[in-house]
Amino acid sequence: MNPDAKRITGEPAMAILFEDNHLLGVEKPVNIPTQEDASGDPDLLNLLKNDLKERYQKPGNVFLGLVHRLDRPVGGAMIFAKTSKAASRLAEAVRSRNFSKTYVAVVHGIPPQRQGSLTDTLLKDERTNTVSVVPKGTPGGKEARLEYKVLGTSAKDQLSLVQVELHTGRPHQIRVQMSQIGCPLYGDQKYGTTYNKPGQQIALWSLYVGFPHPITKDQVDLVSLPPHIHPWSLWEEGVYGRLAALVKSGGHGLEN
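Quick note: the sequence shown, position 256, residue 256 per our numbering, numbers continuous.
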């Protein structure tokens, strides 16, 4: 990402990708929960609320609406709403699929097709916080749909770089669906235990989030490139920049 981008100081420091009176877009650091959970660890939502309170010297509670989520080990672009009106309108944009999200992931092996779409029924076990693929019609199961495209492969490492577009937003969706086709994500300790070693960081990144501004209707584009460390560094940084530019221009790279 742009090294000159404005940053939120403190621990952890994070880049501000977009901010006005209605919205706050940031680059979520890895290994921080999006919102408060049973771990009791500092969460992104409250960290950002505290930052807004300090930066703008706001008395009392600060409103910040959670529009979408990223799993704890996942980093990248996220948008939050600073007003209830913006939160309501962004929630409607998500429901009406007028809210685009593009992810990049490094997976083990090579997907059976270089480009494809996956549709599964997923069921979440709240007790274990795990998700599994179940037969269609299973009580509590929800349909999950995504498209993917292989952007590159590393034969030596037996890894592939894939672009993923979500059409539904189910918990752990990318991780579960890619594992289901025999290509679990690099570093995923929940859905790729036979492939990954303890301590490896999951290679899933929110590259792009785009939507019409809830108030002005202007297009808002958030871009966050993954860190240039293994396994992301197996591919040149230009791969991520070109993909981000493509999706910003209205293309998705999934048509050819």
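For glycine and all other residues, C-beta sits at the position ideal for the given N, C-alpha and C.
Short Cβ contact (7 Å threshold) for residue i with residue j
i	j	result
Y186	P231	yes
K149	Q163	yes
H213	V220	yes
H108	Y191	no
K101	V176	no
G60	A81	no
E147	S117	yes
L70	K28	yes
T119	H22	no
Q35	D43	yes
A144	L122	yes
For residue j and residue i, believed in contact at Cβ under 8 Å, the rounded distance
i	j	result
V30	P73	6 Å
G152	V239	7 Å
G251	L225	That pair is no contact at about 18 Å.
A93	F211	5 Å
Residue i classed as buried or exposed, judged by whether at least 16 other C-beta atoms fall within 10 angstroms
i	result
K197	exposed
D20	exposed
G25	buried
T9	exposed
D273	Missing from the structure shown is residue 273; the chain here goes from 1 to 256 and no further.
Q184	For the record, residue 184 in the displayed sequence is Pro; it is not Gln. Buried, because 16 or more other Cβ atoms sit within 10 Å of the Cβ of P184.
P3	Because P3 sits at a pLDDT of 46, beneath the cut-off of 50, its placement in the model cannot be relied upon, and the following sentence gives the value as read from the coordinates. P3 is exposed by the Cβ-count criterion.
A38	exposed
A245	exposed
Residues bridged to residue i (per DSSP)
i	result
P260	For the chain, the structure presents residues 1 to 256; residue 260 sits outside this window and is missing.
H108	L159
Any C-beta of chain D under 7 Å from that of residue i
i	result
L64	Any reference to chain D falls outside this structure, which holds one protein chain only.
Checklist line | Contact the segment 199-211 vs the segment 69-86: 3+ CB pairs below 8 Å | finding: yes
Notebook entry, point to check: Can you find at least 3 beta carbon pairs, one from the segment 159-174 and one from the segment 118-137, that sit closer than 8 Å?
Noted result: yes
Check: Taking one C-beta from the segment 152-161 and one from the segment 227-242 each time, how about it: are there three or more such pairs within less than 8 Å?
Finding: yes
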